[in-house]
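Chemist: Before anything else, here's the structure in question.
Residue numbers (the numbering used here): 64 to 391.
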């Protein structure tokens, strides 16, 4: 009898302790739910359910877990997944007041998720439009599109990409403006030299004209027969010693095509075998050099092949000497 009595007392004490642990965890979980701490609430209800497998603990454990996963997906920008978790909460039976409160919050979160998903689709389209404008060198328009995405996006990864593209657009705009005015001092010196050369040639022509008039007035001297045959005829143009060199120089100046200039830049950078790095003719500098834009094609989505370009630099090529140099 004594042994049986001790056993009953032990069971009573054990049951009392178990009920206290269960109640404590249930109370903690409900408090965490009110504060929106769904992970902590889920852990508390899980401990309570292990201690006492009641339907209340089970339902609250599941609902708080769904809310935890839903809010986590939303904050990571995966809005469709977040909506699916909140919908699971709404589909559950609301037997307790805590269940009803959770359903109300789940509905609010689901509406936010649907709106954010729609907005994310629109902002991705704006990001794509901005990239198109950037490739067309419409830097201000591209920057405006990227700025709007960065300000409105609830997706952290999309916001980060937009901010990176804002900087890229600003860098490319600055680089492009520099290449447009490359080596202005050389152009000015060339103009001065050409003007001086023209004045000198005009002066020589005037002197030659005066000399010819004087020679026409003097009696013509007899020319030996042998020399007469080799002498130029009156209407025959006098051969120019510099003509051959000028023709050769002109061919050299026009011998380098844009495509050949692009290949020279790729060879200069040792990237002949790089398929994702491109060298593309952009424009002529003020001094006549070819300006080549070197950029990398970055694939953001391997499935759709969507991506963007990242500028490596701008390089100049002298079409006469074929010299390659960094323009910026």
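For each residue, glycine too, the CB sits at the ideal point set by N, CA and C.
Check this for me: beta carbons of residue 379 and residue 348, under 9 Å apart or not?
Modeler: The count along the chain shown starts at 1 and reaches residue 379 at position 316. The count along the chain shown starts at 1 and reaches residue 348 at position 285. For residue 379 and residue 348, yes; Cβs fall inside 9 Å.
Chemist: Residues in the same chain with beta-carbon distance under 8 Å from residue 397, minus the five sequence neighbours each way, listed in chain order, please.
Modeler: Outside the modelled stretch of the chain, which goes from 64 to 391, sits residue 397, for which no answer is possible.
Chemist: With burial defined as no fewer than 16 other Cβ atoms inside 10 Å of the residue's Cβ, what is the status of residue 355: buried or exposed?
Modeler: As a first step, residue 355 is located in the chain shown; it is residue number 292 there, counting from the start. Buried is the call here.
Chemist: Does DSSP put residue 242 in a helix, a strand or coil?
Modeler: Walking along the chain shown from the start, residue 242 turns up at place 179. Helix, per DSSP.
Chemist: Report all residues from its chain with a CB closer than 6 Å to the CB of residue 374; omit the five preceding and five following residues, and keep chain order.
Modeler: Working through the chain shown from its first residue, we reach residue 374 at position 311. Closer than 6 Å at the Cβ level, and outside the excluded window around residue 374, lie 235 and 358.
Chemist: Grab the span of the beta strand (DSSP E) containing residue 363 for me, first residue to last.
Modeler: Counting from one through the chain shown, the residue named residue 363 turns up at place 300. Start and end: 353 to 364.
Chemist: So, helix, strand or coil for residue 176, using DSSP?
Modeler: As a working mapping, residue 176 is identified with position 113 in the chain shown. The answer is helix: DSSP assigns residue 176 an H, G or I state.
Chemist: Taking C-alpha atoms, which residue in 229, 99 and 166 lies nearest to residue 204?
Modeler: For this step, residue 204 is matched to residue 141 along the chain shown. Considering only alpha carbons, the answer is 229.
Chemist: Going by DSSP in three states, residue 371 sits in which element: helix, strand or coil?
Modeler: As a first step, residue 371 must be located in the chain shown, where it is residue number 308. Correct three-state label for residue 371: strand.
Chemist: When the Cα atoms are used, what is the spatial distance from residue 193 to residue 185?
Modeler: Position 130 of the chain shown, counted from the start, is the residue given in the question as residue 193. Position 122 of the chain shown, counted from the start, is the residue given in the question as residue 185. Rounded to whole angstroms, residue 193 to residue 185 spans 13 Å at the Cα level.
Chemist: In three-state terms, what does DSSP make of residue 343?
Modeler: Counting from 1 along the chain shown, the entry for residue 343 is found at position 280. Reduced to three states, the DSSP call for residue 343 is strand.
Chemist: For residue 104, count neighbouring Cβ atoms within 10 angstroms of its own Cβ and tell me buried if that reaches 16, exposed if not.
Modeler: Looking up residue 104 in the chain shown gives position 41. With 16 or more other Cβ atoms within 10 Å, it is buried.
Chemist: Taking all protein chains shown into account, decide if residue 388 is buried (16 or more other Cβ within 10 angstroms of its Cβ) or exposed.
Modeler: Mapped onto the chain shown, residue 388 falls at position 325. With fewer than 16 other Cβ atoms within 10 Å, it is exposed.
Chemist: Is it right to say residue 368 is buried, meaning 16 or more other beta carbons lie within 10 angstroms of its own, or is it exposed?
Modeler: Against the chain shown, residue 368 aligns to sequence position 305. Exposure of residue 368 is indicated by the presence of fewer than 16 other C-beta atoms within 10 angstroms of its C-beta.
Chemist: What's the gap between the Cα of residue 127 and the Cα of residue 102?
Modeler: The count along the chain shown starts at 1 and reaches residue 127 at position 64. The count along the chain shown starts at 1 and reaches residue 102 at position 39. Between residue 127 and residue 102, the C-alpha separation is close to 7 Å.
Chemist: Can you tell me whether residue 290 is buried or exposed, with buried defined as 16 or more other CB within 10 angstroms of its CB?
Modeler: One-based indexing of the chain shown puts residue 290 at position 227. With a pLDDT of 42 at residue 290, under the threshold of 50, the modelled position of that residue is not reliable, and the figure given next carries that caveat. Counting Cβ neighbours within 10 Å, residue 290 comes out exposed, since fewer than 16 surround it.
Chemist: Can you tell me whether residue 122 is buried or exposed? The criterion is at least 16 other CB atoms within 10 Å of its CB, across all chains shown.
Modeler: To locate residue 122, count along the chain shown from 1; it is residue 59. That one is buried.
Chemist: In three-state terms, what does DSSP make of residue 389?
Modeler: Along the chain shown, one-based indexing puts residue 389 at 326. Strand at residue 389.
Chemist: Need the endpoints of the alpha helix (DSSP H) that residue 205 sits in, please.
Modeler: Within the chain shown, numbered from 1, the residue matching residue 205 stands at position 142. Looking at the DSSP string, the run of the alpha helix (DSSP H) that includes residue 205 is 202 to 215.
Chemist: Quick check on residue 99: does DSSP put it in helix, strand or coil?
Modeler: Your numbering for residue 99 matches position 36 in the chain shown. Three-state DSSP puts residue 99 in coil, outside helix and strand.
Chemist: What does a CB cutoff of less than 7 Å around residue 339 pick up in its chain, not counting 5 residues either side in sequence?
Modeler: Position 276 of the chain shown, counted from the start, is the residue given in the question as residue 339. So the list reads 359 and 360, once near-sequence residues are dropped.
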